[in-house]
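Okay, structure first, notes after.
In our numbering, the protein residues as written are 6 to 241.
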């Protein structure tokens, strides 16, 4: 689908994976306001159509790029989480939190938003730890247990089934919370745009925040569109 100004928000959401995240970033209502055209939405929010189009296409391409992963078995997908997604996000978060604290200490008196951002980062850090712990310590063992059965559909117990479903429900809840926090951070940071007078640390913080946002949402899309559907297929 080629994105044009005349497209409605609802049309784009239905065709372009991840566009909901971009609309949320700019506070564009894609639910009740889905009948609005992209041109009208851009005018209302003070952004250019080309900026919106490029970000939607970029996000969609990242997600579509994971479509080839659907051909992989669950074992290799779980290994990706352990060796790629988790270490990368964990490392990025541990680097950015001290920077956020530094910027908040230095600039917080004149820019209250950086203090709020630091506190939100601490909150999302706890939630990310819980989300990964749930995936690694609940979802993966549940998958391994079911895969070890000779005939999963015939031999699976109610307890094993509930363990898998419970882990998936926690993932869904965690994703909603984390996405909401990043939405608040994006709003507070004017979509990761530092003030003109900002120092290098201030600017680097906002750049790092945007990169972390993209990494986390990339992982959440991987979970939502690849890992979880593949996991649920073993009990279908």
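All residues carry an ideal CB built from backbone N, CA and C; glycine is no exception.
For the alpha helix (DSSP H) that contains residue i, what are its first and last residues?
i           : result
residue 225 : 205-227
residue 76  : That residue, residue 76, is in no alpha helix (DSSP H); it is neither H nor E in DSSP.
residue 91  : 91-112
residue 115 : No alpha helix (DSSP H) holds residue 115; DSSP gives it neither H nor E.
residue 143 : Where residue 143 is concerned, there is no enclosing alpha helix (DSSP H), given that its DSSP letter is neither H nor E.
residue 25  : 24-30
residue 233 : 233-238
residue 49  : 43-50
Should residue i be labelled buried (16 or more other beta-carbon atoms within 10 Å of its own) or exposed?
i           : result
residue 96  : exposed
residue 4   : Because the chain in this structure spans residues 6 to 241, residue 4 falls outside the shown range and cannot be described.
residue 114 : exposed
residue 21  : buried
residue 66  : exposed
residue 164 : exposed
residue 64  : buried
Between the Cα of residue i and those of the options, spot the shortest distance and give me the residue it belongs to.
i           : options            : result
residue 137 : 7, 48, 83, 26      : 83
residue 93  : 59, 14, 133, 232   : 133
residue 106 : 240, 206, 239, 235 : 206
residue 90  : 238, 239, 223      : 223
residue 176 : 61, 28, 49, 237    : 237
residue 26  : 49, 148, 68        : 68
residue 233 : 173, 131, 186, 189 : 173
In angstroms with no decimal places, state the Cα-to-Cα distance between residue i and residue j.
i           : j           : result
residue 192 : residue 30  : 7 Å
residue 273 : residue 230 : Coverage of the chain is limited to positions 6 through 241, which leaves residue 273 absent and any answer about it impossible.
residue 202 : residue 41  : 36 Å
residue 151 : residue 54  : 48 Å
residue 112 : residue 125 : 16 Å
residue 183 : residue 88  : 21 Å
residue 195 : residue 215 : 11 Å
residue 135 : residue 109 : 25 Å
residue 225 : residue 120 : 26 Å
residue 240 : residue 104 : 44 Å
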